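Engineer: First, the structure itself, so that you have it in front of you.
Numbering (our numbering), first residue to last: 4 to 159.
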């Protein structure tokens, strides 16, 4: 299983999340990119980028129960599953630009959350498959160490 797929399975493990987020498009994005003919590669690359961003943002949302993260998560999910071209992805994202702007407002995260947000930013900035691969590997390593119980303890 690729680091991309590992991250998705770590981030989306609850049964409802699996059914909603782990669509065939999301699960196959990495393999589709690897097998895509050259003309399709830009679109398939964007799908992988969206999938990685989706997994990272889900971890941020779960770590801090952050409403804005969940809203952006839904936009990424929609772009990944509905768009049929890079331009369509841009269109979906652009229509919801205010959500992305608000993502960092009133956001308090611990050190792990900051690392996730850094990986999220690197995912959005990546312009080569190798960079996404590096982010995916780092994200899987980090995701395996996250402690979601710390937030629950503070709520009690």
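We put the CB at the ideal spot given by N, CA and C, even for glycine.
Computed from a predicted model, the values in this text were never measured in an experiment.
1. Which residue's Cα is closest to the Cα of residue 7: 73, 96, 52, 100?
2. Work out the CA separation of residue 78 and residue 125 for me, nearest whole Å.
3. For the alpha helix (DSSP H) containing residue 113, list its first residue and its last residue.
4. One question on the structure: do residue 14 and residue 65 come within less than 9 Å of each other, judged by their Cβ atoms?
5. Leaving out the 5 sequence neighbours to the left and right, which residues in its chain are closer than 7 Å to residue 82 when beta-carbon positions are compared?
6. In whole angstroms, give me the CA-to-CA distance for residue 143 and residue 10.
7. Could you tell me which whole alpha helix (DSSP H) segments of length 4 or greater appear in the stretch 16-67?
8. Determine the direct distance from the alpha carbon of residue 40 to that of residue 152, and round the result to whole angstroms.
9. Could you pull out every residue in the same chain whose Cβ sits closer than 6 Å to the Cβ of residue 154, ignoring the five residues on either side in sequence?
10. For residue 24, is the classification buried or exposed, using 16 other Cβ atoms within 10 angstroms of its Cβ as the cut-off for buried?
11. Going straight from the alpha carbon of residue 21 to that of residue 118, what length do you get?
12. Consult DSSP for residue 151 and reduce its assignment to one of helix, strand or coil.
Structural biologist: Let me lay it out:
1. 52
2. 18 Å
3. Element bounds for residue 113: n/a, residue is neither H nor E.
4. yes
5. 53, 92, 95, 96
6. 5 Å
7. 18-24, 27-38, 44-67
8. 44 Å
9. The predicted position of residue 154 is uncertain, since its pLDDT is 48 and thus under 50; no value can be drawn from it.
10. buried
11. 24 Å
12. coil
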